[in-house]
Structure formats: C-alpha cells, structure tokens
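Each number in our numbering corresponds to the 1-based position in the sequence shown with 505 added.
Where a beta carbon is used, it is the ideal one built from N, C-alpha and C, also for glycine.
Worksheet for the structure shown next.
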Amino acid sequence: MFLPVAGDIGGNMGLFLGCSLLTVFEFVDLLWNFLKSRVNRLENSLEEQRNPEQNGTGIVTLKHASMHIEEPQRRNPEQNGPGIV
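What follows is the structure, encoded as structure tokens:
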C-alpha cells in the first residue's frame with residue numbers, strides 16, 4: 506500500500522517539478538544542518554556574553570589571545586669573539 510503511493514508521489518514530483526524524492530530529502534537535510542549551525546552559533550554567542558574571558562573548554566581562542574615576539578639579539582664581535590653580526 507505504501508510503496509505504490511510513494512512511487513506515484515515520486516513519479517509526479519519528478520515529472521512536474523524535475524526533482525526526485527532524494528532531492529527533497531537532501532533539501533530537508535540542508536535545512537536541518539543550517540538550523541543546527543544557527544542554534545550552535547546562538548548558544549556560543551550567549552555563552553560568550555555570560556563569560557567573556559573563558560569559553561568553557563580551557564582553550565584560549567584567537568579572539569582573546571595575544572602574541573609577543575621578541576627581537577633577536579645581535580652579537581657583538583668584541584665581546585663574544587669572532588662571529589657573524
């Protein structure tokens with residue numbers, strides 16, 4: 506009973522819309538993944554607003570990290586003997 510009805514629906518969709526039932530499921534999957542990513546992004550932004558210094562994982566994000574680079578020290582040939590300056 507279910508298979509002929511599903512076949513008729515899929516056949517009519519393929520004939521009139523140019524898509525198959527698999528394409529419809531792919532669009533549903535795309536919509537689901539999009540909604541999940543939006544909810545995760547919203548949860549992360551709310552968590553960051555509550556606790557901006559720590560993201561809860563113990564990992565420092567690039568947003569809060571800073572980098573310090575020291576200048577290389579030059580050798581003085583008179584003090585250290587011969588060498589490349």
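| message | Between which residues of its own chain and G519 is the CB-CB distance below 7 Å, once the five residues before and five after are set aside? | response | Its chain contains S525 as the residues whose beta carbon lies nearer than 7 Å to that of G519, once the 5 sequence neighbours on both sides are disregarded; these appear in chain order.
| request: Classify L551 as helix, strand or coil using the three-state DSSP reduction. | output: L551 falls in the helix class under three-state DSSP.
| query | So what's S542 in DSSP terms, helix, strand or just coil? | reply | Helix.
| Taking the alpha-carbon positions, what's the N556 to F539 distance? | Rounded to whole angstroms, N556 to F539 spans 26 Å at the Cα level.
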